[in-house]
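A.B. asks: Numbering (the working numbering) for the sequence shown: 8 to 96.
Note that CB positions come from ideal geometry on N, CA and C, so glycine has one too.
In this text the structure is predicted, and so the values were computed from the model without any measurement.
I am attaching a structure below and will ask some questions about it afterwards.
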Amino acid sequence: MHAPETNDFSACLGRIGAELDRFADGRYGDALERREEWTDALTRALPDEGIGADGVVDELERVVIPNGMRLADPGFWGWITVAPTTVPI
Numbered sequence: 008m009h010a011p012e013t014n015d016f017s018a019c020l021g022r023i024g025a026e027l028d029r030f031a032d033g034r035y036g037d038a039l040e041r042r043e044e045w046t047d048a049l050t051r052a053l054p055d056e057g058i059g060a061d062g063v064v065d066e067l068e069r070v071v072i073p074n075g076m077r078l079a080d081p082g083f084w085g086w087i088t089v090a091p092t093t094v095p096i
């Protein structure tokens with residue numbers, strides 16, 4: 008069994024934070040237009056071996072964050088899932 012990676016959290020969180028900033032400013036557009044691309048990536052079988060912290064952050068940057076639900080987008084229509092907040096993400 009491998010020990011969890013507990014070093015360099017700042018770098019990992021910095022990468023995720025930068026990607027969330029890009030997501031929040033709307034540069035990725037509508038994820039529905041590329042639905043097959045990201046649903047294929049999310050529905051594949053889990054690996055037999057872990058991919059490490061960098062691999063997980065890479066997948067968050069490449070697949071998960073750019074295709075998130077844009078609840079805070081001015082053009083979003085749908086439903087209210089929670090009470091309002093000052094931080095939209």
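(1) Could you name the residues of the same chain whose beta carbon sits closer than 8 Å to that of Ile23, not counting the 5 residues immediately before and after it, in chain order?
(2) How many Å lie between Glu43 and Arg34 at the Cα?
(3) Do you know whose CA, among Ser17, Ala31 and Gly75, lies nearest Trp45's CA?
(4) Taking the alpha-carbon positions, what's the Gly62 to Pro54 distance?
C.D. replies: According to the data block:
(1) Cβ neighbours of Ile23 beyond the five flanking positions: Val64, Leu67, Glu68 and Ile72.
(2) So the two alpha carbons sit approximately 19 Å from each other.
(3) Selection Ser17, Ala31 and Gly75 evaluated against Trp45 yields Gly75 as nearest (Cα-Cα).
(4) Between Gly62 and Pro54, the C-alpha separation is close to 12 Å.
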